[in-house]
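Single-structure report; data block below.
2 protein chains.
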Amino acid sequence: MLEAPKSDGTVGKALQVLDQVAEFRRPVRFSELLENSPFPKPTLYRFVQTLTNQGMLSFDPDRQTYAMGVRLVRLAHSAWRYSSLARVARPYIEALAAKVGEAVHLAQLDNGHVLFVDRCKATDQFETLAQAGKIAPGYCTGVGKVILAFMPQIEQNRALDQQAYKAYTPSTLTNRAALLTELAQIKADGVAYDREEHEQGIISIACPILTGQGRVVGAVSIASSTNRYTIDDLEKQRPNLLKSANLIGSEAELWQVPTWS
Amino acid sequence: MLEAPKSDGTVGKALQVLDQVAEFRRPVRFSELLENSPFPKPTLYRFVQTLTNQGMLSFDPDRQTYAMGVRLVRLAHSAWRYSSLARVARPYIEALAAKVGEAVHLAQLDNGHVLFVDRCKATDQFETLAQAGKIAPGYCTGVGKVILAFMPQIEQNRALDQQAYKAYTPSTLTNRAALLTELAQIKADGVAYDREEHEQGIISIACPILTGQGRVVGAVSIASSTNRYTIDDLEKQRPNLLKSANLIGSEAELWQVPTWS
DNA sequence: AAGTTAGTTTCAAATAATGAAACTTAGTTT
DNA sequence: AAACTAAGTTTCATTATTTGAAACTAACTT
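Here the protein sequences come in this chain order: S and H. Using this note's numbering, the first residue of the first sequence is number 1, and each one after it goes up by one. Using this note's numbering, the first residue of the second sequence is number 1001, and each one after it goes up by one.
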């Protein structure tokens, strides 16, 4: 859960404050922010003011609390629509979810965290919005491990340093060395398994989404519960999963159109 | 479509660059940004670098283009979940949509723009995610006008200055004076109508969501097509609409829990 | 190979950010 | 109600960061 890789000037610091507010997961008072802040009172105060002016935070005058601002919703709309894989991938992950009858997740990596950008559950197609934008650790999820495995060395290193290696379950890999071994194996095999490493009873098979040049841009996974599925059952879905990931990869390739607006 | 009310130091300028990238609605090259930028080359260059470092933009090295970064999706998740009305309002707007059998929109105001934070269409409950975060003009939509009508004077003034007053249809109110008259009438009446002012064939009835102290925090609308509905038909839904808005308002009131995490 | 454009770096000058301290306001206690 | 306390806000001299003209390099085009 550590942050702040390098403080990119004033802008970086301000964004750090934004993250801090986001972490609270509820409206927060100035004094609460101040307690956990590396910045002195007036500095933090001005950041919060600026961010509020800019609509990145919103201030509730009745309760004197700050929360994430609606401008973010607008900006993220662009991000989701024109930058994330979600848009291109949507039809494919829907098809996959329908075929397999289990939940399908689409993830990208955001500063060491796995960011779920979309998900389709065969049964209820709802709560997509509530799910998109959720984060999970990289080192103990199928999608996370597979993205890490296929990353370029340098970036991988940086990402591995950022993992918390907290033991969510008895199966969680809790140190860098163990994870590194697993990542090599995953890269050789082409898919990653989550054997209840993040949540008891939840298993998944994940594979990377690669561009033509072999860059990882995200991952897709089929997730299920140990009540219904075993790792072997998931393994049987490997061809379906790979096919979908390939299709998404090549579509993403074509997709970024040339300059003529 | 004008921006930049006051340039909040370096942070404000950087966020201005973010907006600029968002407006392109596609991956964009540095030189394209430079053309429409108020900043000189090295300055813009550093902003883009910083924002990319910070994950607010993402850079595609293959194509040398910038797009909105995934970090925004994560931050917006918090915004949507803990700051927007969407979460509290969801059950109520779903119920309303089911009852009325027409599309129900939930909006908040973001710097003069109407920001749709959620929507339920009685038939297909899908594409919510694609809709959330969309923006529309304030002066020619039901939700927009009703929010403007119930705003405090000072803020209203600022917002009215920011409207574009472009004639989307023959019914659009195209100047401040006409809008102001209408707003007074709306405030007295309690609801706003969109009589095909934004889109030909689309009408709606909108009412404000108010806190106990009488602050507007958003608006709900029932929208329909002139093929199926008349303004009179919408008027008949007024009690349903008001009831839902009241429920959302009082729930939003209660909702921001005290400090004990 | 010469020419052109896009992208990147340099560095002194200009500007904006910083934070200790003082101040104001709101809430609590005597 | 006065005295006390804590939360939020402003001031201002100091410090550090941002700024942008110009120079440079890399990547295409002729």
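Note that CB positions come from ideal geometry on N, CA and C, so glycine has one too. Here the structure is a predicted model, which is why all the values come from computation and not from measurement.
Does the Cβ of residue i have 16 or more other Cβ atoms within 10 Å, making it buried, or fewer, making it exposed?
i               : result
L254 (chain S)  : exposed
L1057 (chain H) : buried
K1145 (chain H) : buried
R1158 (chain H) : exposed
I209 (chain S)  : buried
G142 (chain S)  : buried
R119 (chain S)  : buried
N1053 (chain H) : buried
R1071 (chain H) : buried
P61 (chain S)   : exposed
R81 (chain S)   : buried
A178 (chain S)  : exposed
E235 (chain S)  : exposed
Q200 (chain S)  : exposed
G1214 (chain H) : exposed
D1124 (chain H) : Bear in mind that a pLDDT of 48 at D1124 (chain H), under 50, signals an unreliable position, so the number given afterwards is only what the model happens to contain. Classification for D1124 (chain H): exposed.
I1186 (chain H) : buried
T1172 (chain H) : buried
E1155 (chain H) : exposed
G1212 (chain H) : exposed
P1027 (chain H) : buried
E197 (chain S)  : buried
K1064 (chain H) : Here residue 1064 (chain H) turns out to be Gln, not Lys, going by the sequence shown. Result: exposed.
L1015 (chain H) : buried
Q1237 (chain H) : buried
D232 (chain S)  : exposed
A1107 (chain H) : buried
Q153 (chain S)  : exposed
F1126 (chain H) : Any reading at F1126 (chain H) must be qualified, since the residue scores a pLDDT of 41, below 50, and its modelled position is unreliable; no value is offered.
A167 (chain S)  : exposed
A86 (chain S)   : buried
Can you give me the start and stop residues for the beta strand (DSSP E) that residue i sits inside?
i               : result
R195 (chain S)  : 192-195
R119 (chain S)  : 113-120
Q1064 (chain H) : No beta strand (DSSP E) contains Q1064 (chain H), which DSSP labels as neither H nor E.
A219 (chain S)  : 216-225
A206 (chain S)  : 202-210
A1136 (chain H) : 1135-1137
With residue i and residue j assumed to form a contact (beta carbons below 8 Å), what rounded beta-carbon distance in angstroms separates them?
i               : j               : result
V114 (chain S)  : Y66 (chain S)   : Rounded, the Cβ-Cβ distance is 27 Å, inconsistent with contact.
S1221 (chain H) : H1105 (chain H) : 5 Å
S84 (chain S)   : V48 (chain S)   : The Cβ separation is near 29 Å, so there is no contact.
Y92 (chain S)   : I248 (chain S)  : 5 Å
R1074 (chain H) : G133 (chain S)  : 5 Å
L1096 (chain H) : N1240 (chain H) : 6 Å
L1183 (chain H) : A1149 (chain H) : 4 Å
Which first and last residues belong to the alpha helix (DSSP H) in which residue i is found?
i               : result
T1050 (chain H) : 1041-1053
T10 (chain S)   : 9-24
P1038 (chain H) : P1038 (chain H) -> no alpha helix (DSSP H), and no H or E assigned at all.
S78 (chain S)   : 71-78
A1184 (chain H) : 1176-1189
A149 (chain S)  : 142-150
A1159 (chain H) : 1153-1162
E235 (chain S)  : 231-236
Suppose contacts are defined by Cβ-Cβ distances below 9 Å. Is residue i in contact with residue j by that definition?
i               : j               : result
V1216 (chain H) : I1147 (chain H) : yes
E102 (chain S)  : S224 (chain S)  : yes
S1037 (chain H) : V1017 (chain H) : yes
G1012 (chain H) : T50 (chain S)   : yes
G218 (chain S)  : A76 (chain S)   : no
G9 (chain S)    : T1010 (chain H) : yes
D161 (chain S)  : G1055 (chain H) : no
T1230 (chain H) : I1203 (chain H) : yes
G69 (chain S)   : A1079 (chain H) : yes
Y1165 (chain H) : R1176 (chain H) : yes
| Whole runs of the alpha helix (DSSP H) within the segment 83-114 of chain S, excluding any shorter than 4 residues | 86-100
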